[in-house]
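Take a look at the structure set out below.
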Amino acid sequence: MSSSTQPNASPDSEAEPSPKNAPEPQTDVDAAGTSAGTETPETDAASPKGTAGGTAETEPTEPELAETESLESEPVAADDAVPIFPEYIFGLHEAGGEHLMVAAERCGWVLELAAVGLDAAGGRRADYRDLTAQGLGVMVRLDHGYAPQGTLPLPDQYPAFAQSCADFVARSRGCHIWIIGNEPNHAMEWPNGTPIFPWHYAKAYRLCRGAIRSRPGHAQDMVLLAGPAPWNAQLTYPTNPAGDWIQYFCDTLKELADNECDGISLHTYTRAHDPAMITADLWQLQPGYQHLRNEFRTYRDFMAAIPFR
């Protein structure tokens with residue numbers, strides 16, 4: 398998972414300003430890491446609710462990229478049984494330490510990665526049944542590649558990438574939860590430095606979801622949105638001149654109707670070996686970002702944005 402930068406935030410201040418753009422959610426979500434100070438795995442959240450807020454596409458500051466094929470999702474097979482997903486709040490980023498969860502009788506998620514390119518190459522493997530046989534849940538993040546290839550390809554290659562994801566899924570075993578890409582607002586994840594604007598990411602996600610769910614045995618798979626990089630203000634555009642990561646997330650959701658999104662992955666961390674950071678409300682101090690949280694409770698800003706997209 399890419400590291401992210403922040404706009405000179407200070408985690409030492411605990412003064413809580415009255416946030417203007419991030420209303421406090423009424424309930425917490427279940428989210429926990431394997432230990433304080435480590436990355437928590439992307440976890441699926443409920444599909445966004447409310448009225449679709451489709452807006453006219455805003456011209457990016459960079460030169461407009463080529464238009465691609467129709468955004469229509471591919472037809473979905475209707476005869477697949479709905480998978481039963483485990484309800485875990487613990488997990489690991491990639492296999493290798495899952496024996497600790499099994500030994501402690503605290504089974505959880507294992508997030509695996511697959512860089513599928515445009516030919517379904519798929520990284521190390523596509524069979525995850527050794528994990529599910531131990532009672533573990535499996536999620537797989539599907540990337541086009543890693544820096545500098547980009548977590549997504551260029552927009553004119555989105556249809557080919559969607560087919561590559563679907564081909565990989567079709568030959569996989571033991572997984573029915575897929576995350577499309579990683580931290581698309583982070584410059585390290587852009588294809589050869591070309592920004593991934595919210596409308597670009599939504600288009601790629603829509604195509605990938607349709608292609609994946611068209612494959613036999615995968616019609617009811619969960620295809621999750623990638624978590625934006627928190628505390629990262631690298632990507633700006635006319636309606637988001639500050640590079641607000643919550644605004645990027647909200648703008649992505651606005652591009653999708655309710656029935657076009659199965660779930661959401663959120664990226665939020667503690668950055669110190671201090672369990673108190675998990676429950677502390679710490680706020681950004683730099684002007685323009687003071688309505689946004691620092692540390693683990695950043696997840697609340699993301700969750701609060703979902704109903705207001």
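Counting from 1, position 109 in the sequence shown corresponds to residue 506 in my numbering; the numbering is continuous, with no gaps. Ideal Cβ positions, reconstructed from N, Cα and C, are used throughout, including at glycine. The structure displayed is predicted, hence computed values, not measured ones.
Between the CA atoms of residue j and residue i - distance to the nearest angstrom
i	j	result
Gln560	Leu515	8 Å
Ala669	Ala608	40 Å
His615	Ser662	19 Å
Asn637	Gln644	7 Å
Asn632	Ile486	The sequence given here places Leu at residue 632; Asn does not occur at that position. Computed Cα separation, rounded: 30 Å.
Arg612	Ala500	36 Å
Glu502	Gly488	13 Å
Tyr598	Gly590	15 Å
Pro592	Glu509	25 Å
Arg690	Pro550	31 Å
Nonlocal neighbours in the same chain, by C-beta distance under 6 Å from residue i, ignoring five residues either side
i	result
Met498	Cys504 and Gly505
Gly547	His541, Trp587 and Pro588
Asp425	Caution is warranted here: a pLDDT of 36 is assigned to Asp425, below 50, making its placement in the model unreliable, and the coordinate value is therefore given only provisionally. So the list is empty, once near-sequence residues are dropped.
Arg568	Ala523
Thr676	none
Whole-Å CB distance - residue i paired with residue j, under 8 Å assumed
i	j	result
Leu621	Ile574	7 Å
Cys562	Val513	6 Å
Cys572	Tyr525	5 Å
Ala626	His664	6 Å
Ile577	Met536	No, Ile577 and Met536 are not in contact; Cβ-Cβ is about 12 Å, not under 8 Å.
Gln531	Glu495	7 Å
Met585	Ala544	5 Å
Among the options, nearest to residue i - alpha-carbon criterion
i	options	result
Asp678	Tyr666, Gly488 and Phe482	Tyr666
Leu539	Thr591, Gly532 and Met619	Met619
Leu533	Pro550, Pro627, Gly493 and Ala544	Gly493
Gln681	Arg610, Arg694, Glu491 and Tyr634	Arg694
Pro635	Phe594, Leu604, Glu657 and Ala626	Phe594
Ala654	Ile576, Trp596 and Glu495	Trp596
Ala511	His490, Ala501 and Gly685	His490
Cys605	Ile703, Pro592, Cys658 and Phe482	Cys658
Cys647	Ala701, Met536 and Arg610	Ala701
Asp527	Arg570, Phe699, Phe482 and Asp564	Arg570
Tyr686	Ile675, Thr676 and Asp698	Asp698
Arg610	Gly590, Pro592, Val566 and Tyr598	Val566
Asn656	Gln617, Asp671 and Ile675	Gln617
Phe482	Ile675, Leu549, Thr591 and Gly660	Gly660
Neighbourhood of residue i by C-beta, 7 Å cutoff - its chain only, sequence neighbours within 5 removed
i	result
Ala557	Leu515
Asp564	Ala517
Thr529	Val535 and Gly571
Met674	Ala433, Thr667, Glu692 and Phe693
- Whole alpha helix (DSSP H) elements within the segment 477 to 560, 4-residue minimum: Taking only runs of at least 4 residues, the alpha helix (DSSP H) segments lying wholly in the segment 477 to 560 are 495 to 500 and 526 to 529.
- Task: Could you tell me which uninterrupted alpha helix (DSSP H) segments, each at least 4 residues in length, are contained entirely in the segment 593 to 670, listed from first to last along the chain?
- Result: The qualifying runs are 595 to 610 and 642 to 651.
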